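S.K.: Would you mind keeping the following structure in view while I ask a few things?
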Amino acid sequence: RPRVTMSSRPPIKYVSGMPILGDFAENWENVKRFQARADDILIATYPKSGTTWMSEIVDHILSEGDTVRTKRGAIYERVPFLEYAVPDMPTGTERLNLLDCQRVVKTHLPVEILPKCFWDEKCKTIYIARNAKDVVVSYFHFYRMAIVHPEPGTWEEFLQNFMEGKVAFGSWFNHVKGWWNARKEKNILYILYEDMLENPKREIHKVFEFLGKKESEDEVEKIHQATSFQAMKNNPMANYTSVPGSVMDHSVSPFMRKGICGDWKNHFTVAQNEMFDAFYRKEMADTDLTFRF
Ligand code: A3P
């Protein structure tokens, strides 16, 4: 496999009309060639929407209370990221192809770009969506710390780029609406991050049911404890502290940053909020999908 030379903050590239991290674009052929298996479980999200949280929950469910199993590797090893490719680390497809157990696959791809094999195999898919304002704040801090992204610029500039879909994985609006529409025809459980915050156990029950697994209250309580924000922040297998410093710099901003709803209020000015709300109303006029902020 050709390797790009080590460079931090490579510029965004486009694949199938979607902006993607420069390093990821180099590996795109392998993503297109990927073979899904019928029992694969797909976790799909726009970045910063609770991917890691849901990944940890699903791995706990499949591990049936075996806490040694849930500590067998970092979250990006247990739930490989399909389109991931940065120098000096195995790619997502390499990790996935090596797994001989039931696989949980993470993706940030918009629904229209997801490799067709996942639909051909009728894979169960869990989509998690989070309100746009907290996503853009979380994404800004993530761009700052994960140096595989281009420079985020100022907060004002980043907000503008986010609205225009000029960030990795493109438009949040397109993403959440596209997957929302797809759920009518496909086997998709659509979950909101804010609902998980409000009542994590209720949402964990939903995931059990969707995966066709029987659960006890005791199991749900254990998973709830193990996947709380504090537990995951303190868990080196969940908090991304094991990735090389050439990929993430936690001293700039930790991956497990705040894990709350409403932090956008500490970032948006009144003027930015009014401008964003007006844009949001237009972009979301053609959907019945709603969010809590
Ligand atoms: P913040 O930056 O707002 O804190 P993803 O996994 O999709 O990249 O999303 C990361 C966001 O989810 C971060 O948001 C992170 O703190 C939050 N998060 C991760 N684990 C969580 C948990 N167990 N409970 C609540 N939020 C969590």
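Residue numbers (UniProt numbering): 29 to 321. Glycine residues also receive a C-beta, built at the ideal position from the N, C-alpha and C atoms. All values reported here derive from a predicted model rather than from experimental measurement.
Ile69 and Ser83 - do their beta-carbons sit closer together than 7 Å?
M.R.: Here residue 83 corresponds to residue number 55 of the sequence shown, with the count starting at 1. Here residue 69 corresponds to residue number 41 of the sequence shown, with the count starting at 1. Not a contact, by the Cβ cut-off of 7 Å.
S.K.: Taking only runs of the alpha helix (DSSP H) that begin and end inside the stretch 127-206, which ones reach a length of at least 4 residues, in chain order?
M.R.: The qualifying runs are 145-148, 160-173 and 183-191.
S.K.: To the nearest whole angstrom, what separates the beta carbons of Gly78 and Arg158, a pair I think is in contact under 8 Å?
M.R.: Indexing the sequence shown from 1 puts residue 78 at position 50. Indexing the sequence shown from 1 puts residue 158 at position 130. Between Arg158 and Gly78 the Cβ distance is about 6 Å, and since that is below 8 Å, they are a contact.
S.K.: Any idea what DSSP makes of Lys41, helix, strand or coil?
M.R.: In the sequence shown, the residue the question calls residue 41 occupies position 13. It is a strand residue.
S.K.: Just mark Phe321 as buried or exposed, buried being the case when its beta carbon has 16 or more other beta carbons within 10 Å.
M.R.: Numbered from its first residue, the sequence shown carries residue 321 at position 293. Exposed, by the Cβ-count rule.
S.K.: Within 6 Å: the Cβ of Thr153 and any heavy atom of ligand 1?
M.R.: The residue you call residue 153 lines up with position 125 of the sequence shown. No, ligand 1 has no heavy atom inside 6 Å of this Cβ.
S.K.: On the CB-based measure, 16 or more other CB atoms within 10 Å of its CB, does Glu192 come out buried or exposed?
M.R.: By one-based count along the sequence shown, residue 192 stands at place 164. It is exposed - the Cβ of Glu192 has fewer than 16 other Cβ atoms within 10 Å.
S.K.: What do you reckon, is the C-beta of Ser166 under 6 Å from a heavy atom of ligand 1?
M.R.: For the purposes of this step, residue 166 is identified with residue 138 of the sequence shown, where counting begins at 1. Yes, since a heavy atom of ligand 1 falls inside the 6 Å radius drawn around the Cβ of Ser166.
S.K.: For ligand 1, is there a heavy atom less than 6 Å away from the beta-carbon of Lys205?
M.R.: Here the question's residue 205 lines up with position 177 in the sequence shown. No, Cβ of Lys205 sits at least 6 Å from all heavy atoms of ligand 1.
S.K.: Using only the alpha-carbon positions, how far apart do Tyr268 and Asn262 sit?
M.R.: Within the sequence shown, the letter at position 240 stands for residue 268. Within the sequence shown, the letter at position 234 stands for residue 262. The alpha-carbon atoms of Tyr268 and Asn262 are separated by roughly 10 Å.
S.K.: Measuring alpha carbon to alpha carbon, tell me which of Ser91, Leu137 and Ile156 ends up nearest Glu222.
M.R.: Sequence index remark: in the sequence shown, residue 222 carries index 194 (1-based). The option with the nearest alpha carbon to Glu222 is Ile156.
S.K.: Applying the criterion that 16 or more other CB atoms from any shown protein chain within 10 Å of the CB defines a buried residue, is Thr255 buried or exposed?
M.R.: By one-based count along the sequence shown, residue 255 stands at place 227. Looking at its Cβ environment, which holds 16 or more other Cβ atoms inside 10 Å, Thr255 is buried.
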